[in-house]
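With the working numbering, the residue at position 79 of the sequence shown is 157, and numbering never jumps.
Just so you know, even glycine gets a beta-carbon here, dropped at the ideal spot from N, CA and C.
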Amino acid sequence: MSKRYLAALALVCAAMFSLADARAESSASCSPLSVAQDEIATAGGGKLAPISHEELQFARGLFVASPPVSVYPPGDEAMIATFDDGSSAVLFIGHGQACGKMGLSPTVTKLLFALDKSI
């Protein structure tokens, strides 16, 4: 095997291990959905509703790119809590648990809801 091949293989293995570590860290931060619902109620009684696949992908991109840069949020579903002031919070859900949350300003909330209309 060439030295380039071995170096590339070593980089791939290192990337896989760091991804596994990130997934382990993010899954450790999961909590029951009821805990997140209680936090939302305490924060002002937002209404919780599921979001579409397109909205989920948009929210995932925001989650990863927002400072501090985060790992990809786990789960394959999300819900959004909307508040009276127009702001919102996205809950990323995996295996029936809230595995990440992110607050959104009223402006970004409007962009998120406009996605399904623009597709």
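Would you kindly report the start and end of the unbroken alpha helix (DSSP H) that includes Phe141? The sequence position of residue 141 within the sequence shown is 63, counting from 1. For Phe141, the enclosing alpha helix (DSSP H) begins and ends at His131 to Ala143.
For Ala176, the residue or residues it bridges with in DSSP: Here residue 176 is taken as the residue at index 98 of the sequence shown, counted from 1. In DSSP, Ala176 forms a bridge with Ser109 and Ile171.
Given 8 Å, three or more beta-carbon pairs between the stretch 157-170 and the stretch 119-129: Flag = yes, the stretch 157-170 and the stretch 119-129 touch.
Can you give me the C-alpha to C-alpha distance between Leu111 and Gly153, rounded to a whole angstrom? Position 33 of the sequence shown, counting from 1, holds the residue named residue 111. Position 75 of the sequence shown, counting from 1, holds the residue named residue 153. About 12 Å.
Here's the rule: buried if 16 or more other CB atoms are within 10 angstroms of the residue's CB, otherwise exposed. What is Val147? Within the sequence shown, the letter at position 69 stands for residue 147. With fewer than 16 other Cβ atoms inside 10 Å of its own Cβ, Val147 counts as exposed.
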